[in-house]
Each structure stands twice: as structure tokens, then as C-alpha cells.
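Residue numbering for the sequence shown follows UniProt numbering, beginning at 1 and increasing consecutively. All C-beta atoms in this analysis are idealised placements derived from N, C-alpha and C, irrespective of residue type, glycine included. Following: one structure in C-alpha cells, then a few remarks.
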Amino acid sequence: MTGLQQTWLLGVGLAVATTSACIAIHASALVTIATACVAAYLPSYLDGSEYTGERYWPWFATFIGHGMAHIPGTLEFEEPIDASKQHIFCSHPHGLLSTHHGLLMSGQTVPRVTVNQVFGKSIPIEKKDDPSTEDIEKLHDQYEHELVRIFDKYKAKYGYGNCTLRVR
């Protein structure tokens, strides 16, 4: 049995057990549902798959694509992605924390805009157990340089020809 199958079997088992326990002690429906949800997902946080990449859900991977099918957009790659390596993709459409969107919702519809994404070249990284501050700064500078390079290369194509990217 794979790690994913073991995790979900354990999660379902814990959810059933906690639901039975909540029913036995006459807990409210809300407490029963909340406890079952926590019990079902708890094994997925404890199985260590974030280190092995083992928790792959094909349904979830395609679900986002189906939900985004009605949004116009383009996807462009500067070089093919090597499937034999692990990759981390970074995207900062509204900053790192977009909490202001929830506060500013006015109930009005937003005009559609095209979402254009460009994937630049991979930045090769060697794993270090204890990276120095200098190593981190060097990698961060390289990342910033690539962001600016990609923006400058494609800005005219996507309608931002007179803009300058400022990275803080």
C-alpha cells in the first residue's frame, strides 16, 4: 500500500471513530462534524509527505484547472520543465498576503482581465543543511534579478511597455 493510501485509510478510520465517540457522548452536530474533519485531516499533517512529495492528488491537481477554465489567460515557458526534478514556483499577484481583498469586498463584480503568466528559467539550488546569511542573500538577489529580467522581457507583449518593476 502506498503512503497516500495509508494516510487516507487512517484518516477515514479516525473520522469514523471520532464521529462514533461524539454520538456516544451526545455531542452537538457542529462539534461532531468539526472533530471528524480534524481527525480525518490529522494524518496528512503527520505523515511526512511534504518531504517526499508522496501526497499527490490527481483529482486536486486537475480541479484547479477546471475551475480556472473560464478565466482568460496565457501561460508561457522560457524553457521546458524537467520532470525529473522538484520545482518550487513563486507567484506574487497581489503581494504575499492578500488580506485586503477580504476587507474591501463590495459585492460588485470585477471586470474580467486576462491573466498572463510567464515561467522563467529555473534557478538551480544546491541543498545546504545550514545556509549562511550570505548564501540566502545571494539566492534572493538572483531571484530578484530573474523577476526583473522576465518582466522587462515580456512587459511590452502584455501591455506594460512603459512600466518599471520595482522590487522592495
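Leaving aside the five residues before and after residue i along the sequence, list all residues of the same chain whose C-beta is less than 7 angstroms from its C-beta, in chain order.
i, result
"I123", "Q142, Y143, E146"
"Y154", "V118"
"F77", "F119"
"A15", "A36, A39, A40"
Looking at the secondary structure, which residues open and close the beta strand (DSSP E) in which residue i lies?
i, result
"F119", "115-119"
"F77", "73-77"
Express the C-alpha separation of residue j and residue i in angstroms, rounding to a whole number.
i, j, result
"G11", "I71", "34 angstroms"
"V148", "D129", "29 angstroms"
"residue 169", "I125", "The first residue shown for the chain is 1 and the last is 168, placing residue 169 beyond what the model contains."
"G13", "A36", "10 angstroms"
"Y160", "T74", "15 angstroms"
"V38", "A24", "18 angstroms"
"T164", "D152", "8 angstroms"
"D82", "L42", "32 angstroms"
"P58", "H66", "12 angstroms"
Looking only at its own chain, which residues have a Cβ that is under 8 angstroms from the Cβ of residue i, when we skip the five neighbours before and after it?
i, result
"E79", "K121, S122"
"L96", "Note that L96 has pLDDT 47, beneath the 50 cutoff, so the model's placement of it is unreliable and the number below is only indicative. Nothing meets the Cβ criterion."
"V167", "E144, L147, V148"
Could you give the residue range of the alpha helix (DSSP H) that holds residue i?
i, result
"P124", "It is not in any alpha helix (DSSP H) - P124 carries neither H nor E in the DSSP assignment."
"L30", "29-46"
"L165", "It is not in any alpha helix (DSSP H) - L165 carries neither H nor E in the DSSP assignment."
"I151", "The sequence shown places Phe at residue 151, not Ile. Residues 133-154."
Can you list, in chain order, the residues of its chain with a C-beta nearer than 6 angstroms to that of residue i? Leave out the 5 residues immediately preceding and following it.
i, result
"T114", "P72, G73"
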